[in-house]
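So the sequence shown is numbered by the numbering used here: it starts at 14 and just counts up by one.
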Amino acid sequence: MIPVKSTQNQRTTYTRAIIEKWTTATPDQRRRGREWYATAHRFAADIASGDTEAGAGVLAALSANKSWAENCRLARKAFADGEASGHVRDAINKANRIMAGEDPRTVLPMHIKTGCFFLCIADPENTEAVVIDRHAHDIAVREIYGQRERGLGASGRYNLLADCYREAAQRIGEVPSTVQAVTWVAHIERHRE
Numbered sequence: 014m015i016p017v018k019s020t021q022n023q024r025t026t027y028t029r030a031i032i033e034k035w036t037t038a039t040p041d042q043r044r045r046g047r048e049w050y051a052t053a054h055r056f057a058a059d060i061a062s063g064d065t066e067a068g069a070g071v072l073a074a075l076s077a078n079k080s081w082a083e084n085c086r087l088a089r090k091a092f093a094d095g096e097a098s099g100h101v102r103d104a105i106n107k108a109n110r111i112m113a114g115e116d117p118r119t120v121l122p123m124h125i126k127t128g129c130f131f132l133c134i135a136d137p138e139n140t141e142a143v144v145i146d147r148h149a150h151d152i153a154v155r156e157i158y159g160q161r162e163r164g165l166g167a168s169g170r171y172n173l174l175a176d177c178y179r180e181a182a183q184r185i186g187e188v189p190s191t192v193q194a195v196t197w198v199a200h201i202e203r204h205r206e
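Given below as structure tokens:
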């Protein structure tokens, strides 16, 4: 696991790795990455009959350890059925609370991935929220961790990497969520090869 408190050299190394991954993205990967959160935003509005924040909240609540396709299927089904299913009890409870009208900001853990995922879907132009999932972590540290623990539940470690994505985004001239999405697409597709 990377340290929660890092040196400036480590931060610089992580930021440089993110920028380097950005530069390896093909024009098509950049296009798709740039569209990713806007597309998710429209999907959230669609499944929640125009209530984008509720749709984004349910998507985020049901996202842990699910592929995007499965995440979308579960969220769409939750709104169609009026109750969430197909996930662990905690995720289902959070999704149901959001569908019952609770503000996702009070239901979701806003300091880590789930809350940030909600924010990025709800507002694709958000300049602060960064989704640090296992792929974002592996990009920054230039290593595929596989099943090893990354420690992203620790807010200090999460915030360290989020700050590196923000710094990379500032240097590139994009919002952080776009940098995360483009590098994610490039990483996933290269990793599959």
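Where is the CB? At the ideal position from N, CA and C, for every residue including glycine. Just so it is clear, the structure is predicted and the values come from calculations on it, not from any experiment.
CA nearest to the CA of residue i, picked from the options
{"i": "G114", "options": "G169, I157, M123 and E96", "result": "E96"}
{"i": "T65", "options": "R29, N78, A77 and A51", "result": "A51"}
{"i": "E138", "options": "R29, E33, A53 and Q23", "result": "A53"}
{"i": "G135", "options": "A73, R45, K18 and Q21", "result": "Note that residue 135 is Ala in the sequence shown, not Gly. Per the Cα distances, A73."}
{"i": "A181", "options": "E33, K18 and D94", "result": "E33"}
Nearest-angstrom Cα separation, counted from residue j out to residue i
{"i": "R43", "j": "V195", "result": "5 Å"}
{"i": "V144", "j": "G128", "result": "9 Å"}
{"i": "F92", "j": "K79", "result": "18 Å"}
{"i": "V101", "j": "S76", "result": "11 Å"}
{"i": "H148", "j": "Y171", "result": "13 Å"}
{"i": "G159", "j": "I125", "result": "20 Å"}
Distance CB(residue i)-CB(residue j) smaller than 9 Å
{"i": "V198", "j": "I31", "result": "no"}
{"i": "I15", "j": "G164", "result": "yes"}
{"i": "C177", "j": "T28", "result": "yes"}
{"i": "P189", "j": "T140", "result": "yes"}
{"i": "A108", "j": "V71", "result": "yes"}
Any C-beta of chain B under 9 Å from that of residue i
{"i": "G169", "result": "In the structure shown, chain B does not exist; there is a single protein chain."}
Where the alpha helix (DSSP H) through residue i begins and ends
{"i": "Y178", "result": "S168 to I185"}
{"i": "D151", "result": "R147 to V154"}
{"i": "G128", "result": "K126 to A135"}
Legend entry - Contained alpha helix (DSSP H) runs [length at least 4] in the segment 29-104, N- to C-terminal order: 40-60, 65-74 and 81-94
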